[in-house]
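**Q** Taken in order, these protein sequences are the chains called R and Z. Going by the numbering used here, the first residue of the first sequence is number 2, and it counts up by one from there. Going by the numbering used here, the first residue of the second sequence is number 2, and it counts up by one from there. Dumping the structure here so I can ask a few things about it.
2 protein chains.
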Amino acid sequence: MVRIGIFGLGTVGRGVLEIIRSRKLPIEVAAIVDRSYLKKKDIIGDIPASDDPSLILNDSSIEVIVELMGGIDLPLYIVREALDHKKNVITANKFLLAEHGYPLFSKARENGVRIGYEAAVAGAIPVIRNLQNIFQYEEIPVLEGILNGTTNYILTRMRKEKIGYQVALAEAQKLGLAEADPYLDVSGYDAAHKLALLASLLSGKWVEYHHIHVAGVDQVNLTDILWAEKMGYRIRLVARYQNKGGLITLSVEPTFIGPGHYLWDVEMEKNAIFFKGEFSGGHLFLGKGAGSLPTAYSVVSDMMHYLQGNHRHDADSDQNWPYAHPVSLDEEEAVFYIRFSVSDKTGVLAILTRILSEHNISIASVHQDIEIPNEGEVAVDEPVDLMLVTHKCRRKTLKAACLEIEKLDTLKGSPVLMPVDGQL
Amino acid sequence: MVRIGIFGLGTVGRGVLEIIRSRKLPIEVAAIVDRSYLKKKDIIGDIPASDDPSLILNDSSIEVIVELMGGIDLPLYIVREALDHKKNVITANKFLLAEHGYPLFSKARENGVRIGYEAAVAGAIPVIRNLQNIFQYEEIPVLEGILNGTTNYILTRMRKEKIGYQVALAEAQKLGLAEADPYLDVSGYDAAHKLALLASLLSGKWVEYHHIHVAGVDQVNLTDILWAEKMGYRIRLVARYQNKGGLITLSVEPTFIGPGHYLWDVEMEKNAIFFKGEFSGGHLFLGKGAGSLPTAYSVVSDMMHYLQGNHRHDADSDQNWPYAHPVSLDEEEAVFYIRFSVSDKTGVLAILTRILSEHNISIASVHQDIEIPNEGEVAVDEPVDLMLVTHKCRRKTLKAACLEIEKLDTLKGSPVLMPVDGQL
Numbered sequence: 002m003v004r005i006g007i008f009g010l011g012t013v014g015r016g017v018l019e020i021i022r023s024r025k026l027p028i029e030v031a032a033i034v035d036r037s038y039l040k041k042k043d044i045i046g047d048i049p050a051s052d053d054p055s056l057i058l059n060d061s062s063i064e065v066i067v068e069l070m071g072g073i074d075l076p077l078y079i080v081r082e083a084l085d086h087k088k089n090v091i092t093a094n095k096f097l098l099a100e101h102g103y104p105l106f107s108k109a110r111e112n113g114v115r116i117g118y119e120a121a122v123a124g125a126i127p128v129i130r131n132l133q134n135i136f137q138y139e140e141i142p143v144l145e146g147i148l149n150g151t152t153n154y155i156l157t158r159m160r161k162e163k164i165g166y167q168v169a170l171a172e173a174q175k176l177g178l179a180e181a182d183p184y185l186d187v188s189g190y191d192a193a194h195k196l197a198l199l200a201s202l203l204s205g206k207w208v209e210y211h212h213i214h215v216a217g218v219d220q221v222n223l224t225d226i227l228w229a230e231k232m233g234y235r236i237r238l239v240a241r242y243q244n245k246g247g248l249i250t251l252s253v254e255p256t257f258i259g260p261g262h263y264l265w266d267v268e269m270e271k272n273a274i275f276f277k278g279e280f281s282g283g284h285l286f287l288g289k290g291a292g293s294l295p296t297a298y299s300v301v302s303d304m305m306h307y308l309q310g311n312h313r314h315d316a317d318s319d320q321n322w323p324y325a326h327p328v329s330l331d332e333e334e335a336v337f338y339i340r341f342s343v344s345d346k347t348g349v350l351a352i353l354t355r356i357l358s359e360h361n362i363s364i365a366s367v368h369q370d371i372e373i374p375n376e377g378e379v380a381v382d383e384p385v386d387l388m389l390v391t392h393k394c395r396r397k398t399l400k401a402a403c404l405e406i407e408k409l410d411t412l413k414g415s416p417v418l419m420p421v422d423g424q425l
Numbered sequence: 002m003v004r005i006g007i008f009g010l011g012t013v014g015r016g017v018l019e020i021i022r023s024r025k026l027p028i029e030v031a032a033i034v035d036r037s038y039l040k041k042k043d044i045i046g047d048i049p050a051s052d053d054p055s056l057i058l059n060d061s062s063i064e065v066i067v068e069l070m071g072g073i074d075l076p077l078y079i080v081r082e083a084l085d086h087k088k089n090v091i092t093a094n095k096f097l098l099a100e101h102g103y104p105l106f107s108k109a110r111e112n113g114v115r116i117g118y119e120a121a122v123a124g125a126i127p128v129i130r131n132l133q134n135i136f137q138y139e140e141i142p143v144l145e146g147i148l149n150g151t152t153n154y155i156l157t158r159m160r161k162e163k164i165g166y167q168v169a170l171a172e173a174q175k176l177g178l179a180e181a182d183p184y185l186d187v188s189g190y191d192a193a194h195k196l197a198l199l200a201s202l203l204s205g206k207w208v209e210y211h212h213i214h215v216a217g218v219d220q221v222n223l224t225d226i227l228w229a230e231k232m233g234y235r236i237r238l239v240a241r242y243q244n245k246g247g248l249i250t251l252s253v254e255p256t257f258i259g260p261g262h263y264l265w266d267v268e269m270e271k272n273a274i275f276f277k278g279e280f281s282g283g284h285l286f287l288g289k290g291a292g293s294l295p296t297a298y299s300v301v302s303d304m305m306h307y308l309q310g311n312h313r314h315d316a317d318s319d320q321n322w323p324y325a326h327p328v329s330l331d332e333e334e335a336v337f338y339i340r341f342s343v344s345d346k347t348g349v350l351a352i353l354t355r356i357l358s359e360h361n362i363s364i365a366s367v368h369q370d371i372e373i374p375n376e377g378e379v380a381v382d383e384p385v386d387l388m389l390v391t392h393k394c395r396r397k398t399l400k401a402a403c404l405e406i407e408k409l410d411t412l413k414g415s416p417v418l419m420p421v422d423g424q425l
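As structure tokens, then:
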């Protein structure tokens, strides 16, 4: 029997309690700390509870803490204290680890304890342990994933029902899939936190999420979605890790993907991770990215794993990680979709094409009219969308051309740019 | 450094050598036994080699044998001997384990050694270890998979190119995806061997593959494929395990699946496994089901796993398994597709519908004409296909009706029957 303490009895915390109770695992929940513990007596039962962290932190018989509070300041204090008290930590908090993981993992190593974070990345999908314990004997040159269910839900609804971004977001909020403040999800930063953890594991170096090229779904509008569909593509928020002979590139951005792509059929709030093993080839792992019991199961299974000591070959156990130095995407060559918002489309196309051709960027196709259902009449002076797809070009070159185009009077706002991805 | 011996230096055996050599793993290949070892000197190098199994079996310094010979009689002898000599066994031989696994696993337990068989099921997909080491704390009420790449390739080619079964099979043979004698693949028995191993692991009881309801792709013709497509379905050879409160049902059969199904997009020679965890929800694992390096990677990763002793919680380590008693599919209710081959379709439809209605089976749709491309004129006296889809009915009832229908003079051969599966 191992004594554990749980911080935070929200939906995931309750799920953890439910699984431990129903499966009769050799785990004793010795204490619970929750802000509103008094209101949760029916779930807590006779487990000692408090809103004071010291109930758990000062109990030397507690070997493992489960941190499921959300937020970042209090969790940081608690995880740090727990590690100082030589307690193992299991957490689902990707923001905390992406932001403060380096000193926390170092502290854990120094104190001979562990941080389990399977539940922090892609919910119920056991990607961390598969990469740590099964695929550690080969190089993984590429990993691509849909790591944020909320935004995948939004993009799916927009496409299926031809609704705008704001409407789809509001629906997601109504269903509890998006938070009142959806910034971390829609900006792409939640996915970037998870990608940083995956990239650190894969490269054996600590990846700062600030080094990831991030664009969010908040820049995607219905025009993009409909045009993508017309061309036979779908837009997904793709998190991507690439390692070419030690040169690591990292991005989270809305990406056009085609029907042969592994992530094509990953709809609604599902998460999925595709990676290629040097020997074992392509793998897709698909599953629930969130939810009370799915995430709770990851917490419990991770905890049992560490309790059994089956972890000696985890990548994070060896030594302190050096910092990674990802390279920028500037040199990357790809096909790009660009949407310009223009006030006068008759004259502007000629100028746009001239500027692009001056930068040696050749255009594969141009599109101006896409029917948006139920949009009604567009006022004459409203900006209209002008979309084009390039042939393969360097990202850096395209960015330079776009900077020049942005200065035109007829341009309203910055151009929106998304890579067009083929099959893997 | 652990000393291992390899039996069989075919494509997978070579892959194992290549990975061990290139990754500098703490493994020493101490000896190789291969029928044609003299012709393989360029790969074997200075590793001691022979065609005599005793080179490995009698070397007490060899702790692990890797059995990659193919066939069943000689592997059985070798694995049994190896276990008697207290050597661990890693094998990709599903036929051997499905046929003789019970005494072999028992012998391994008695002698305190292990049989690793990750590579025997679904090639590079790490399904065995995920079920053993990550999902062992929850019930798995359903598992469905495409466990045979050869037949999935055949079905995909038939659909995409509208070619007949024999043509697609010949193509697969030309590409080395199907063997000269394709019986084990096309009959469904190769998938059944793998399903038996998975079902044993999931249920904690030994499942004899003879208890699995098996139908092969050799009964699927182009008419079925085209009609499925017309209705919005695809035909896949689905291996299925279900456990309803301890009642286990098992089947391998061509199945109609719809576009929302997890296995919808699993094309060509890919393998995939879907399962539902009681807590963690639905998971899809997709990857390469065969091939030299992918299968070899499974062998190597599995071997490292056992060498590190990270196996104490494997389901097969606890005790002797009781035998499982799967129940028949007779009571199962499903929608079915049936194809009758009839000599005279004008009169026969009335008789068929009468017999079905006498068994209280109601018909959802009937179809008689499907255009087969490039088939030319059909002779007047040739049997023609008559297809129908039922409403939900009991398999037992349908089988009884079919038995009665089979006796009609106008029927040519037995009706072909496939369940129509919706979304999971």
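The beta carbon of each residue, even a glycine, is placed where N, CA and C say it ideally should be.
DSSP state of E68/Z, grouped into three classes?
**A** It is a strand residue.
**Q** Mind pulling the chain A residues with CB within less than 7 Å of R160/Z?
**A** The structure shown contains no chain A; its protein chains are R and Z.
**Q** Can you have a look at Q369/R and say buried or exposed, based on whether 16 or more other CB atoms are within 10 angstroms of its CB?
**A** Q369/R comes out exposed.
**Q** Does the CB of D422/R have a neighbour CB from chain Z at under 8 Å?
**A** No, no contact with chain Z.
**Q** Does DSSP classify R340/Z as helix, strand or coil?
**A** Residue state, collapsed to three classes: strand.
**Q** How far does the alpha helix (DSSP H) with V128/R in it reach, from first residue to last?
**A** Residues 128-134.
**Q** Nearest-angstrom Cα distance between T152/R and P183/Z?
**A** Rounded to the nearest angstrom, the two C-alpha atoms are 46 Å apart.
**Q** Find out if the Cβ-Cβ distance for the pair A120/R, D303/R is shorter than 8 Å.
**A** Yes, the pair counts as a contact, with Cβ atoms nearer than the cut-off.
**Q** For Y298/Z and chain R, any beta-carbon pair shorter than 8 Å?
**A** It does; some Cβ of chain R falls within 8 Å.
**Q** Interface residues of chain R around D266/Z at Cβ under 8 Å?
**A** Under the 8 Å cutoff, chain R gives W265, D266.
**Q** Output the distance between the C-alpha atoms of H262/Z and F280/Z, rounded to the nearest integer angstrom.
**A** Roughly 20 Å between the two C-alpha positions.
**Q** Run through the DSSP bridge pairs and tell me what D422/R is partnered with.
**A** I258/R, per the DSSP bridge assignment.
**Q** Using the three-state DSSP reduction, which class does T407/Z fall into: helix, strand or coil?
**A** Strictly speaking, residue 407/Z in this sequence is Glu, with Thr absent from that position. In the structure shown, E407/Z sits in a helix (DSSP, three-state: H, G or I).
**Q** Round the Cβ separation of V122/R and V114/R to the nearest angstrom and send it over; I've been treating them as touching at under 8 Å.
**A** Incorrect: roughly 20 Å between the Cβ atoms, too far for contact.
**Q** Please confirm if M305/Z has its CB atom under 8 Å from at least one CB of chain R.
**A** Output row for M305/Z: interface = yes.
**Q** Under a CB-based cut-off of 8 Å, is F8/R close to chain Z?
**A** So no, F8/R is outside the interface.
**Q** Would you say V278/R and E139/R are within 8 Å of each other, going by their C-beta atoms?
**A** Reading off the sequence, residue 278/R comes out as Gly, not Val. Yes, the pair counts as a contact, with Cβ atoms nearer than the cut-off.
**Q** Would you tell me roughly how many angstroms separate the C-alpha atoms of G414/Z and L248/Z, rounded to the nearest one?
**A** Cα to Cα, G414/Z sits roughly 33 Å from L248/Z.
**Q** Sorry if obvious, but does the Cβ on I63/Z come closer than 7 Å to a heavy atom of the ligand FAD?
**A** As far as ligands go, the structure on display features none, and thus does not contain the ligand FAD.
**Q** Which first and last residues belong to the beta strand (DSSP E) in which Q309/R is found?
**A** Here Q309/R belongs to no beta strand (DSSP E), and DSSP marks it neither H nor E.
**Q** CA-CA distance, G288/Z and V301/R?
**A** So the two alpha carbons sit approximately 27 Å from each other.
**Q** Three Cβ pairs or more, each shorter than 8 Å: is that satisfied between the stretch 92-106 of chain R and the stretch 193-209 of chain R?
**A** Judged by Cβ distances under 8 Å, the stretch 92-106 of chain R makes contact with the stretch 193-209 of chain R, as three or more pairs qualify.
**Q** Taking the straight line between their C-alpha atoms, what separation do you get for I5/Z and S293/Z?
**A** So the alpha carbons of these two residues sit roughly 19 Å apart.
**Q** Identify the residues that DSSP records as bridge partners of I45/Z: which are they?
**A** None; I45/Z has no bridge partner.
**Q** In angstroms, rounded to a whole number, what distance separates the CA positions of E19/Z and K41/Z?
**A** Answer to the nearest angstrom: the Cα atoms are 14 Å apart.
**Q** For E254/R, count neighbouring C-beta atoms within 10 Å of its own C-beta (all shown protein chains included) and say buried if the count is 16 or more, exposed if not.
**A** Flag for E254/R reads buried.
**Q** Is it right to say H306/R is buried, meaning 16 or more other beta carbons lie within 10 angstroms of its own, or is it exposed?
**A** Buried is the call here.
**Q** Are the C-beta of V301/R and some C-beta of chain Z separated by less than 8 Å?
**A** Chain Z, which has a Cβ nearer than 8 Å to the Cβ of V301/R, makes this yes.
**Q** Might you give, ordered along the chain, the residues of its own chain that have their beta carbon closer than 6 Å to the beta carbon of Y338/R, omitting 5 neighbours on each side?
**A** Counting only Cβ-Cβ distances below 6 Å, and skipping sequence neighbours, we find F257, V390, M419, V421.
**Q** Would you say E139/R lies against chain Z (beta-carbon separation less than 8 Å)?
**A** It does; some Cβ of chain Z falls within 8 Å.
**Q** Any idea if E68/R is buried or exposed, counting beta-carbon neighbours within 10 angstroms, 16 or more meaning buried?
**A** Under this definition E68/R is a buried residue.
**Q** Helix or strand or just coil, what does DSSP make of L77/R?
**A** Correct three-state label for L77/R: helix.
**Q** Under a CB-based cut-off of 8 Å, is P295/Z close to chain R?
**A** Cβ-Cβ to chain R under 8 Å: yes for P295/Z.
**Q** If the cut-off is 9 Å on Cβ atoms, which residues from the stretch 129-153 of chain Z count as contacting chain R, listed in chain order?
**A** Taking 9 Å as the Cβ-Cβ cut-off against chain R, the residues of the stretch 129-153 of chain Z that qualify are R130, N131, N134, I135, F136, Q137, Y138, E139.
**Q** So the alpha helix (DSSP H) K195/R belongs to, where does it begin and stop?
**A** First-last of the alpha helix (DSSP H) with K195/R: 190-204.
**Q** Answer yes or no: does any C-beta atom of chain Z fall closer than 8 Å to that of P384/R?
**A** No, P384/R lies away from the interface with chain Z (no Cβ there is under 8 Å from its Cβ).
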